[in-house]
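One structure is given below, encoded as structure tokens.
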Amino acid sequence: HDAHLGVVEFDPPPDTEIPDWFDLTRHELQVTLRMRPEQVDALPRASRIAERRELDDDRVEVDVVVTGERRLDHLLVTLDPDVEVVGDDVRERQRMHATELLAAYT
Numbered sequence: 004h005d006a007h008l009g010v011v012e013f014d015p016p017p018d019t020e021i022p023d024w025f026d027l028t029r030h031e032l033q034v035t036l037r038m039r040p041e042q043v044d045a046l047p048r049a050s051r052i053a054e055r056r057e058l059d060d061d062r063v064e065v066d067v068v069v070t071g072e073r074r075l076d077h078l079l080v081t082l083d084p085d086v087e088v089v090g091d092d093v094r095e096r097q098r099m100h101a102t103e104l105l106a107a108y109t
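Residue numbering for the sequence shown follows my numbering, starting at 4 and increasing by one per position.
See below:
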């Protein structure tokens with residue numbers, strides 16, 4: 004929320020809203036996730052729920068939309084470990100990005 008470096012203070016800029024006229028729809032990517040209802044609130048703010056379906060096992064299935072591959076990678080590596088990512092290609096992308104991030108720390 005804020006940072007101090009010696010006597011210099013830093014206040015982060017306010018969240019910026021993308022104007023409605025700025026069309027990013029061609030960069031939107033969608034991923035389907037299965038999770039507990041309370042986990043939906045923990046999704047990054049840069050994502051939106053396109054559709055939400057109740058499942059028989061007290062979980063929900065949500066179609067999450069993000070703008071751009073970088074936000075998709077961020078979403079995938081910040082998910083709770085018990086969130087199920089639907090789709091082999093997306094699960095592989097999640098694994099690969101997490102492996103790359105961990106390699107920086109080894």
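We treat Cβ as the ideally placed atom computed from N, Cα and C, and that holds for glycine.
Please name the residue or residues paired with residue i in a DSSP beta bridge.
| i | result |
| --- | --- |
| residue 57 | 63 |
| residue 37 | 64, 87 |
| residue 93 | Note: residue 93 sits in no beta bridge, so no partner. |
| residue 72 | The partner list for residue 72 (beta bridge, DSSP) is empty, contrary to what the question assumes. |
| residue 31 | 70 |
| residue 98 | None; residue 98 has no bridge partner. |
Measure the C-alpha to C-alpha separation of residue i and residue j and round it to an integer number of angstroms.
| i | j | result |
| --- | --- | --- |
| residue 32 | residue 75 | 7 Å |
| residue 29 | residue 78 | 19 Å |
| residue 96 | residue 70 | 16 Å |
| residue 66 | residue 34 | 6 Å |
| residue 51 | residue 83 | 17 Å |
| residue 73 | residue 104 | 13 Å |
| residue 26 | residue 49 | 15 Å |
| residue 22 | residue 41 | 30 Å |
| residue 86 | residue 93 | 13 Å |
| residue 107 | residue 91 | 25 Å |
| residue 39 | residue 24 | 35 Å |
| residue 61 | residue 109 | 38 Å |
When we look at the beta-carbon of residue i and count the other beta-carbons within 10 Å, is it buried (16 or more) or exposed?
| i | result |
| --- | --- |
| residue 58 | exposed |
| residue 46 | buried |
Report yes if the C-beta distance between residue i and residue j is below 8 Å; otherwise report no.
| i | j | result |
| --- | --- | --- |
| residue 43 | residue 68 | no |
| residue 37 | residue 89 | yes |
| residue 80 | residue 53 | no |
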